[in-house]
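Below is one structure, written out as structure tokens; comments come after it.
This is the structure in structure tokens:
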């Protein structure tokens, strides 16, 4: 979810959707957050981790956004076929999608 201000887009919340739950016809506006984590942000995350349980950097960022820290985002058109592949399981899911579509 993003909030646009003039030419900049700010992340309001980071959430994930399972690629297997998307239909072949479904179009969506995929937002790719770009994080530049400064020393002040690292110190903030460190302080935050002492107060609440954080499992992922996404948890720290979402919590920080709620406390009015800003994170910029970049829109990627769905026809550009950008996939966030972090694990072997992600890669397997993308391979299945391409085999299913005959590409």
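In the UniProt record's numbering, the protein residues as written are 1 to 103.
C-beta: ideal position from N, C-alpha, C; glycine also.
Item	Value
Over what stretch of residues does the alpha helix (DSSP H) that includes residue 39 continue unbroken?	39-51
Helix, strand or coil for residue 56, going by three-state DSSP, please let me know.	coil
Which value, in whole angstroms, describes the spacing of the CA atoms of residue 8 and residue 16?	22 Å
Starting from residue 12, trace the beta strand (DSSP E) both ways and give me its first and last residue.	Note, residue 12: premise wrong, no beta strand (DSSP E); not H, not E.
Is the distance from the Cβ of residue 23 to the Cβ of residue 44 below 8 Å?	no
With DSSP as the reference, label residue 72 as helix, strand or coil.	strand
Below 8 Å on the Cβ atoms is my guess for residue 42 versus residue 14; work out the distance and round it to an integer in Å.	Not a contact, Cβ separation roughly 18 Å.
So, for residue 54: in the same chain, excluding its five sequence neighbours on each side, which residues have a beta-carbon less than 7 Å away from its beta-carbon?	48, 60
With residue 93 and residue 20 assumed to form a contact (beta carbons below 8 Å), what rounded beta-carbon distance in angstroms separates them?	6 Å
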